[in-house]
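Residue numbers (the working numbering): 536 to 626.
Everything below concerns the one structure shown next.
So this is what it looks like as structure tokens:
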């Protein structure tokens, strides 16, 4: 008798105990996707940049071409390293 009463009480209180641990969904659903939207908006520097027709400030054409050529040349003939233990020491 006592054992079945305890079992019945435990079964009756189990859903109430589990419901007490659950967070209400309106608080979760209200902010769903907000962090992604904030991250996307943080990456906008100038949303109307396509309407700006002035030349951007920066390198002149000669310096830019020289830098680009050096960058491309670095992929054509990579520097050989015969000893893997030197790690750039003694250049």
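Glycine residues also receive a C-beta, built at the ideal position from the N, C-alpha and C atoms.
Keep in mind it's a predicted model, so treat the numbers as computed, not measured.
Whole-angstrom distance between residue j and residue i, CA atom to CA atom
{"i": "residue 548", "j": "residue 554", "result": "10 Å"}
{"i": "residue 568", "j": "residue 556", "result": "24 Å"}
{"i": "residue 590", "j": "residue 598", "result": "16 Å"}
{"i": "residue 594", "j": "residue 574", "result": "30 Å"}
{"i": "residue 584", "j": "residue 615", "result": "44 Å"}
{"i": "residue 552", "j": "residue 537", "result": "22 Å"}
{"i": "residue 588", "j": "residue 606", "result": "28 Å"}
{"i": "residue 566", "j": "residue 601", "result": "49 Å"}
{"i": "residue 581", "j": "residue 564", "result": "31 Å"}
{"i": "residue 604", "j": "residue 578", "result": "30 Å"}
{"i": "residue 596", "j": "residue 586", "result": "23 Å"}
Close Cβ partners of residue i (< 7 Å) along its chain, the five nearest in sequence each way excluded
{"i": "residue 608", "result": "none"}
{"i": "residue 539", "result": "none"}
Nonlocal neighbours in the same chain, by C-beta distance under 8 Å from residue i, ignoring five residues either side
{"i": "residue 543", "result": "none"}
Own chain residues within Cβ distance below 6 Å of residue i, not counting five before or after
{"i": "residue 550", "result": "none"}
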